[in-house]
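All remarks here apply to the structure that follows.
Numbering (full-length UniProt numbering), first residue to last: 1 to 159.
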């Protein structure tokens, strides 16, 4: 994949992430206004799925960068954690960090939550935990998108 193709694919994912954030914000507002417990739980499940989707989209972007720029993607049982680490370090003569350490820490929380969503039934998710993480989504997304845009600028300056 060329750098221009990489940038195009990243930008497509960024648009999708924005949609997830917008929809999640709407669901959180609706969830707080609902009085009937079944509707609150249904919205909580939808929010959890969106949080799962958000991290999956982030991971897709980071994987594309690892494959195209680093020519190296982590393998093994902990590859998803190692990917965050790889993207938060400077690789001399290759690229600067894609994400900051603080963004890495925030994203790792979403990564761990995605694992929970994949591992248990939706009705067993703790609504308070889902909402707490959803309330962090906007800021995390904003930081991530800004850092990825800075990385895109770096790529565009490369010969």
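Quick reminder that beta carbons are idealized off the backbone N, C-alpha and C, glycines included.
For the segment 2 to 87, the continuous alpha helix (DSSP H) assignments of 4+ residues that do not extend past its boundaries occur at 3 to 33, 37 to 65 and 79 to 87, in sequence order. For residue 125, no alpha helix (DSSP H) run applies, since DSSP gives it neither H nor E.
Fewer than three beta-carbon pairs drawn from the segment 61 to 72 and the segment 112 to 119 are found closer than 8 Å, and the two stretches are therefore not classed as touching. Per DSSP, residue 104 is one residue of the alpha helix (DSSP H) stretching across 101 to 119. Using a Cβ distance threshold of 9 Å, residue 152 and residue 20 do not count as a contacting pair. Taking C-beta atoms under 8 Å as the contact rule, residue 127 and residue 44 qualify, at a distance of about 5 Å. With respect to residue 69, residue 94 sits close: the two C-beta atoms are nearer than 9 Å.
In summary, residue 55 is buried, with 16 or more beta-carbon neighbours lying within 10 Å of its beta-carbon over all protein chains present. Put simply, the backbone Cα of residue 117 is about 42 Å away from that of residue 159.
Proximity to residue 98 across 109, 108, 106 and 84 peaks at 84, based on C-alpha coordinates. Remark: C-beta atoms of residue 135 and residue 28 approach each other more closely than 9 Å. Cβ neighbours of residue 74 within its own chain (closer than 7 Å, five residues either side excluded): 82, 83 and 86. Annotated three-state conformation of residue 155 is helix, per DSSP. Assignment of residue 89 by DSSP, reduced to helix, strand and coil, places it in the coil class.
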